[in-house]
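Numbering (the numbering used here), first residue to last: 2 to 97. Heads up, the thing below is written out as C-alpha coordinates.
Okay, structure coming up:
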(Lines of atoms letter the chains of each structure in order from A; the text may use other names.)
(Lines give C-alpha, C1' and ligand atoms only; values in the text may rest on other atoms or scores of the structure.)
Protein backbone atom coordinates (compact mmCIF):
# COMPACT_ATOMS: atom_id res chain seq x y z
CA UNK A 2 0.00 0.00 0.00
CA UNK A 3 1.39 3.41 -0.92
CA UNK A 4 0.75 7.01 0.05
CA UNK A 5 -2.99 7.63 0.30
CA UNK A 6 -3.12 11.39 0.89
CA UNK A 7 -1.82 14.30 -1.19
CA UNK A 8 1.90 15.07 -1.04
CA UNK A 9 3.03 18.66 -1.61
CA UNK A 10 6.61 19.71 -2.26
CA UNK A 11 7.64 23.33 -2.08
CA UNK A 12 11.07 24.61 -3.06
CA UNK A 13 12.58 28.05 -3.31
CA UNK A 14 16.11 29.17 -4.09
CA UNK A 15 19.08 27.53 -5.80
CA UNK A 16 18.67 24.03 -4.30
CA UNK A 17 16.41 21.50 -6.01
CA UNK A 18 14.48 18.82 -4.13
CA UNK A 19 14.75 15.47 -5.90
CA UNK A 20 13.32 12.01 -5.35
CA UNK A 21 11.20 12.64 -2.23
CA UNK A 22 10.29 9.37 -0.53
CA UNK A 23 8.11 8.43 2.43
CA UNK A 24 8.09 4.94 3.94
CA UNK A 25 6.06 3.54 6.81
CA UNK A 26 7.22 0.27 8.29
CA UNK A 27 5.27 -2.08 10.55
CA UNK A 28 6.69 -4.90 12.68
CA UNK A 29 6.93 -8.23 10.86
CA UNK A 30 3.91 -10.54 10.80
CA UNK A 31 2.87 -12.43 12.99
CA UNK A 32 4.25 -10.03 15.62
CA UNK A 33 2.00 -7.19 14.42
CA UNK A 34 -0.36 -6.40 17.29
CA UNK A 35 -3.72 -4.75 16.62
CA UNK A 36 -3.28 -0.98 16.16
CA UNK A 37 0.49 -1.29 15.89
CA UNK A 38 2.48 1.88 15.37
CA UNK A 39 4.53 2.35 12.23
CA UNK A 40 8.01 3.82 11.92
CA UNK A 41 8.01 6.65 9.38
CA UNK A 42 11.10 7.49 7.34
CA UNK A 43 11.32 10.44 4.94
CA UNK A 44 14.14 11.10 2.51
CA UNK A 45 14.93 13.64 -0.18
CA UNK A 46 17.96 14.41 -2.31
CA UNK A 47 19.05 18.05 -2.35
CA UNK A 48 20.87 19.29 -5.46
CA UNK A 49 22.95 22.46 -5.26
CA UNK A 50 23.73 23.49 -8.82
CA UNK A 51 25.68 26.60 -7.79
CA UNK A 52 29.41 27.10 -7.20
CA UNK A 53 28.79 28.28 -3.61
CA UNK A 54 27.59 26.45 -0.51
CA UNK A 55 23.92 27.01 0.29
CA UNK A 56 22.42 26.91 3.77
CA UNK A 57 18.68 26.67 4.14
CA UNK A 58 15.79 25.47 6.22
CA UNK A 59 14.37 22.03 5.36
CA UNK A 60 10.86 21.68 6.75
CA UNK A 61 8.75 18.52 6.65
CA UNK A 62 5.17 18.31 7.90
CA UNK A 63 3.53 14.92 8.35
CA UNK A 64 -0.23 15.07 8.85
CA UNK A 65 -1.42 11.90 10.60
CA UNK A 66 -5.05 12.96 10.56
CA UNK A 67 -5.07 13.20 14.36
CA UNK A 68 -2.14 15.64 14.56
CA UNK A 69 0.75 17.14 12.62
CA UNK A 70 4.40 16.31 13.14
CA UNK A 71 6.75 19.08 12.01
CA UNK A 72 10.48 18.62 11.47
CA UNK A 73 12.47 21.76 10.84
CA UNK A 74 16.22 21.46 10.33
CA UNK A 75 18.99 23.65 8.93
CA UNK A 76 20.94 22.02 6.10
CA UNK A 77 24.09 23.19 4.31
CA UNK A 78 24.70 21.80 0.83
CA UNK A 79 28.20 22.09 -0.60
CA UNK A 80 28.75 23.48 -4.11
CA UNK A 81 27.63 21.07 -6.85
CA UNK A 82 26.71 18.48 -4.20
CA UNK A 83 23.65 16.22 -3.99
CA UNK A 84 23.30 14.85 -0.46
CA UNK A 85 20.41 12.63 0.56
CA UNK A 86 18.73 13.79 3.75
CA UNK A 87 17.02 11.08 5.80
CA UNK A 88 14.58 11.89 8.58
CA UNK A 89 13.37 8.93 10.58
CA UNK A 90 13.39 7.12 13.93
CA UNK A 91 17.21 7.03 13.97
CA UNK A 92 17.41 10.84 14.29
CA UNK A 93 13.82 11.81 15.23
CA UNK A 94 12.44 9.48 17.94
CA UNK A 95 8.86 10.76 17.49
CA UNK A 96 8.86 9.17 14.00
CA UNK A 97 8.67 5.75 15.70
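We put the CB at the ideal spot given by N, CA and C, even for glycine.
* For the candidate residues 41, 92, 93 and 14, whose alpha-carbon lies nearest to that of residue 101? -> Lying outside 2 to 97, the shown extent of the chain, residue 101 is not represented and no answer is given.
* **Host beta strand (DSSP E) of residue 44 (start-end)** => The residue given as residue 44 occupies position 43 in the chain shown. Per DSSP, the unbroken beta strand (DSSP E) holding residue 44 starts and ends at 40 to 49.
* From the DSSP output, in three-state form, read off residue 80 for me. => To locate residue 80, count along the chain shown from 1; it is residue 79. Coil.
* Three-way DSSP call (helix, strand, coil) for residue 7 in this model -> Reading the chain shown from its first residue, position 6 is the one you call residue 7. Residue 7: coil per DSSP, three-state reduction.
* Please report the residue range of the beta strand (DSSP E) in which residue 59 lies. => As a first step, residue 59 must be located in the chain shown, where it is residue number 58. Where residue 59 is concerned, the enclosing beta strand (DSSP E) stretches over 55 to 64.
* Under a three-way DSSP split, which group does residue 94 fall into? -> As a first step, residue 94 is located in the chain shown; it is residue number 93 there, counting from the start. If DSSP states are grouped into helix, strand and coil, residue 94 belongs with the helices.
* To do: Please go through the same chain and pick out, in chain order, the residues whose beta-carbon is closer than 6 Å to the beta-carbon of residue 60, but skip the five residues on each side of it.
  => On the chain shown, position 59 is the one that residue 60 refers to. The beta carbon of residue 60 sits closer than 6 Å to the beta carbons of 73 from its chain, once the five residues preceding and following it are set aside; these are given in chain order.
* **Coarse secondary structure for residue 26, derived from DSSP in three states** => As a position in the chain shown, residue 26 is number 25, starting the count at 1. DSSP places residue 26 in strand when its eight states are reduced to three.
* Rounded to a whole number of angstroms, what is the C-alpha to C-alpha distance between residue 81 and residue 55? -> Indexing the chain shown from 1 puts residue 81 at position 80. Indexing the chain shown from 1 puts residue 55 at position 54. Straight-line Cα distance between these residues: approximately 10 Å.
* **Contacting residues, own chain, Cβ-Cβ under 6 Å from residue 20 (five flanking each side not counted)** => As a position in the chain shown, residue 20 is number 19, starting the count at 1. Answer for residue 20: 46, listed in chain order.
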